[in-house]
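In this note's numbering, the protein residues as written are 1 to 399.
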């Protein structure tokens, strides 16, 4: 469920928040911490809404961070002389035994290789340093910034076993900001993961599936909410979003399985599973793609209506666009294709993913539609068609 917000209130709110935040900073003598947990993350700032603060991205455990200030339950950490990030204190532990280099951390030479599922960029580093990444399109590239290190890489060994990586390069874009640039062979991103093996940073680039048809893919379906996490509530029916989500997800499961796909469900009944556990479970299951099913609500019950799809990473936008096009064929109002969405199930980079917000339970016309099981089946069928359309586009790009 996506809450409808008052955009006109933002400028005043942001100015007031900035004043309060700056006044509340408590710069201490700097100290070092290391990340902990399977899903540690860095935020750009201290602002937040119900989705949390805007995420810079996940980082591995035991990554070394220099704390320069505190605000409430957050640490401000230094990435470069011009860039900081924020991390919840609960995702860190102090390290009082850090041995800093006499001058600077330096990169060494590294290598690129592959196997039958993914390619590997293996970069030895003197410390587990923080990083961030992004997807680029036209051309398709993965860009990884490693913070706190200076280039001393004099060669990159590239093996023929690498299949998805077309070219690789680096540049020192600023003091303590080392950039790795990975050019891909295919236009459609199919995922990547970043983590440390000891002090070696490894970027794993997923291969596109050889056969791009539903019958050859493993597709994860996430029915949003569940158990005591009720989601939105129908304006008149008072029925809960969690039940509509599960119904659509089950219909989608049948649609996909009829076409030969292997389907993984994050929940198949009315159970409570938090988003962290869903993300970690999917990390182990390694689906080819993920579709998360939700429905929407707004304070305005007369005008705000329609269907929408959401993505966070730019390389996964085509999937969300294809599904939205098919949903709009049912006659629903277009609420939009929403990017940079800071939702947990949109955050993984390891596989293409999309969040579908079917319609608004808070609008009487939308609610009347979703109360009909036949319409929920129709929505599932259109989502399946959207995925098939996207796969067809990817096949054309590859030919």
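No residue lacks a Cβ here, since even glycine has one placed at the ideal position from N, Cα and C.
Taken in chain order, the unbroken stretches of beta strand (DSSP E) that lie wholly in the segment 153 to 201 and span 3 residues or more are 156 to 158, 165 to 174, 177 to 184, 192 to 197. Contact fails between the segment 360 to 376 and the segment 309 to 326, because fewer than three Cβ pairs, one in each stretch, are under 8 Å apart.
Here the segment 114 to 123 makes no contact with the segment 53 to 64; the two share fewer than three CB pairs at distances below 8 Å. Note on geometry: alpha-carbon atoms of residue 124 and residue 152 lie some 11 Å from one another.
Within the DSSP bridge table, the entry for residue 117 names no partner. Take residue 388, set aside five residues on each side of it, and the residues of its chain with a beta-carbon closer than 7 Å to its own are 214, in chain order. The beta carbons of residue 68 and residue 30 sit about 6 Å from each other, so the pair counts as a contact at 8 Å. Within the model, the alpha-carbon separation for residue 257 versus residue 227 is close to 26 Å. Between the alpha carbons of residue 348 and residue 314 lies a gap of roughly 12 Å. With at least 16 other beta carbons inside 10 angstroms of its own, residue 78 counts as buried. Per DSSP, residue 48 lies in no alpha helix (DSSP H) segment and is marked neither H nor E. Residue 56 has no beta-bridge partner at all, per DSSP. In the displayed model, residue 251 falls within a helix according to three-state DSSP.
Note: residue 219 is bridge-paired with 263, 289 in the DSSP secondary-structure output. Three or more Cβ pairs closer than 8 Å define a contact, and the segment 173 to 183 falls short of that threshold against the segment 331 to 350. Sequence-distant Cβ neighbours of residue 303 in its own chain, meaning closer than 7 Å and more than five residues away, do not exist here. The Cβ-Cβ distance between residue 289 and residue 351 falls below 8 Å. For the segment 298 to 378, the continuous alpha helix (DSSP H) assignments of 4+ residues that do not extend past its boundaries occur at 317 to 328, 364 to 370, in sequence order. For the pair residue 275 and residue 353, the Cα-to-Cα distance works out to about 14 Å. Apart from the 5 residues on each side of it in sequence, residue 240 sits with its Cβ closer than 7 Å to the Cβ of 230, 231, 233 in its chain, given in chain order. Here residue 77 is bridged, per DSSP, to 67, 85.
Taking a 10 Å sphere around the C-beta of residue 101, we find fewer than 16 other C-beta atoms and assign the residue as exposed. Per DSSP, the continuous beta strand (DSSP E) segment holding residue 133 begins and ends at 131 to 136. Contact between the segment 204 to 218 and the segment 354 to 362 is not established, with fewer than three Cβ pairs separated by less than 8 Å. Comparing alpha carbon positions, the residue from 300, 245, 64 closest to residue 267 is 245. An exposed status is given to residue 238, since fewer than 16 other beta-carbon atoms sit within 10 Å of its beta-carbon.
Contact between the segment 163 to 171 and the segment 73 to 93 is absent: fewer than three C-beta pairs spanning the two stretches fall below 8 Å. The beta carbon of residue 253 lies closer than 8 Å to those of 221, 263, 265 in the same chain, with the five residues before and after it left out.
In summary, residue 159 is exposed, with fewer than 16 beta-carbon neighbours lying within 10 Å of its beta-carbon over all protein chains present. When the beta-carbon positions are compared, residue 34 and residue 74 stay at least 8 Å from each other. Counting every other CB atom within 10 Å of its CB across the protein chains shown gives residue 119 a total of 16 or more, marking it as buried. For residue 124, the beta-bridge partners assigned by DSSP are 200. Inclusion of residue 386 and residue 334 in the CB contact set at 8 Å is not warranted, their separation being larger than that value. The closest CA to that of residue 270, considering only 277, 224, 286, is found on 224.
For the pair residue 299 and residue 138, the Cα-to-Cα distance works out to about 39 Å.
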